[in-house]
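Residue numbers (the working numbering): 724 to 1042. Glycine is no exception: its CB is placed at the ideal position from the N, C-alpha and C atoms. Remember, predicted model here, so these are calculated numbers, not experimental data.
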Ligand code: NAP
Ligand code: GLV
């Protein structure tokens, strides 16, 4: 019987059907991250490895799993996996594109609104007993309706965010590796160079994958180009932004605020300088976290694993 190893505890209704055909071994906890060494040992005999986005799957790990045929990642992003090494070894990699697009776009827009209107800061103040009276200029933020939105990474989620922005009367600029001519014509989005987007946008939203090209894409130079009244929203990956440069830009008023769902190191260390700033709205990487979407993502992974183990083509092959 082929063996599946799952690095997090997943719901029975997703996992049990697989047990009818395969030997399934699952890590005991939904919350506790397996260490790299634990993964190497526990998954030793696996034909399929079902990972979450915080599992590092590099060449060394693949070499220590001699039976491995497929790695299925519970995320659309797969920067945690060395896909070149997988390809060389004939290991299939699958992810969860599309099914999380609208849910992640909802979260991106929530974070944008929360950042603009200082929602989490206001709630913190209220709970801390700081609401003494209605104040004319207290907790005032930035208008979203009618503002200019700049999306870097106009893929599935980028486009879903841009569609939402139209309902808020926003002008939508985008920068992407390739032009999206159809979306430009259909929705009125405007393609611009990166620097123009940074100079003209009130809200800059990052939605690229993390790759060697996008690592540190937003650094000191780029933040310098942004308006002093603007905010940056990162739902992509922490590594797309130079966090030290972001901290400097926020503390020297080069930009007005930031909304972050992702960090270079996750979970973000509690002594991280960005966490000390009131104009930074933070979330613990919850972009796709709706019940329906997470279940659908897991179902996709399960079907793709089953397909590969039965020598069929999976729906969501990365390599
Ligand atoms: P997607 O459809 O592949 O979109 C990514 C877009 O980024 C593509 O349009 C791509 O351009 C563009 N891009 C790639 N490299 C670029 C570069 N160097 N400069 C400019 N644009 C570049 O992926 P998606 O489904 O929208 O997901 C996007 C990313 O969001 C994921 O990879 C993941 O990291 C992140 N994400 C985060 C969460 C969360 O919970 N925070 C949830 C879901 C996804 P082309 O069109 O030319 O390929
Ligand atoms: C989440 O970050 C994902 O890539 O699905």
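{"Query": "Thinking C-alpha only, which one of 960, 952 and 906 is nearest residue 923?", "Result": "952"}
{"Query": "On the DSSP letters alone, give me the boundaries of the beta strand (DSSP E) that residue 749 sits inside.", "Result": "746-749"}
{"Query": "Just reading off the alpha helix (DSSP H) that residue 806 is part of, what are its end residues?", "Result": "806-811"}
{"Query": "Flag this pair as touching only if the region 912-931 and the region 942-949 have three or more C-beta atom pairs under 8 angstroms; answer yes or no.", "Result": "yes"}
{"Query": "Counting pairs of Cβ atoms below 8 angstroms between the region 996-1007 and the region 879-892, do you hit three or more?", "Result": "no"}
{"Query": "Does the ligand GLV have a heavy atom nearer than 7 angstroms to the CB of residue 798?", "Result": "yes"}
{"Query": "Compare the Cα-Cα distances from residue 926 to each of 800, 1018, 872 and 858 and report the closest residue.", "Result": "872"}
{"Query": "Measure the alpha-carbon distance for residue 884 versus residue 831 and round it to whole angstroms.", "Result": "7 angstroms"}
{"Query": "For residue 773, which beta-bridge partners are listed by DSSP?", "Result": "729 and 795"}
{"Query": "Is it the case that the CB of residue 733 approaches a heavy atom of the ligand GLV more closely than 7 angstroms?", "Result": "no"}
{"Query": "Buried or exposed for residue 868, going by 16 or more other Cβ atoms inside 10 Å?", "Result": "exposed"}
{"Query": "Restricting to Cα atoms, I'd like to know which of 1030, 965 and 1040 is closest to residue 741.", "Result": "1030"}
{"Query": "Taking 7 angstroms as the cut-off, does the CB of residue 898 come closer than this to any heavy atom belonging to the ligand GLV?", "Result": "no"}
{"Query": "Helix, strand or coil for residue 933, going by three-state DSSP, please let me know.", "Result": "coil"}
{"Query": "For residue 1010, is the beta carbon positioned less than 7 angstroms from some heavy atom of the ligand GLV?", "Result": "yes"}
{"Query": "Would you tell me roughly how many angstroms separate the C-alpha atoms of residue 829 and residue 838, rounded to the nearest one?", "Result": "14 angstroms"}
{"Query": "So, is residue 856 buried or exposed, given that buried needs 16 or more other C-beta atoms within 10 angstroms?", "Result": "exposed"}
{"Query": "Can you tell me whether residue 776 sits near the ligand GLV, meaning its C-beta is under 7 angstroms from at least one heavy atom of the ligand?", "Result": "yes"}
{"Query": "Would you mind stating whether residue 940 and residue 913 have Cβ atoms separated by less than 8 angstroms?", "Result": "no"}
{"Query": "If we count the other Cβ atoms within 10 Å of its Cβ and call it buried at 16 or more, is residue 725 buried or exposed?", "Result": "buried"}
{"Query": "Does the ligand GLV have even one heavy atom less than 7 angstroms from the beta-carbon of residue 823?", "Result": "yes"}
{"Query": "Measuring only from the beta carbon, is residue 1025 closer than 7 angstroms to any heavy atom that is part of the ligand NAP?", "Result": "no"}
{"Query": "Going by other Cβ atoms of all chains shown within 10 Å of its Cβ, with 16 needed for buried, is residue 860 buried or exposed?", "Result": "exposed"}
{"Query": "Answer yes or no: do residue 779 and residue 818 have a C-beta to C-beta separation smaller than 8 angstroms?", "Result": "no"}
{"Query": "Buried or exposed, going by whether 16 or more other CB atoms sit within 10 Å of the CB of residue 801?", "Result": "buried"}
{"Query": "For the alpha helix (DSSP H) holding residue 976, just list the boundary residues, first then last.", "Result": "That residue, residue 976, is in no alpha helix (DSSP H); it is neither H nor E in DSSP."}
{"Query": "With a floor of 3 residues, list each beta strand (DSSP E) that falls wholly inside the region 958-1034, ordered by position along the chain.", "Result": "980-983 and 1003-1005"}
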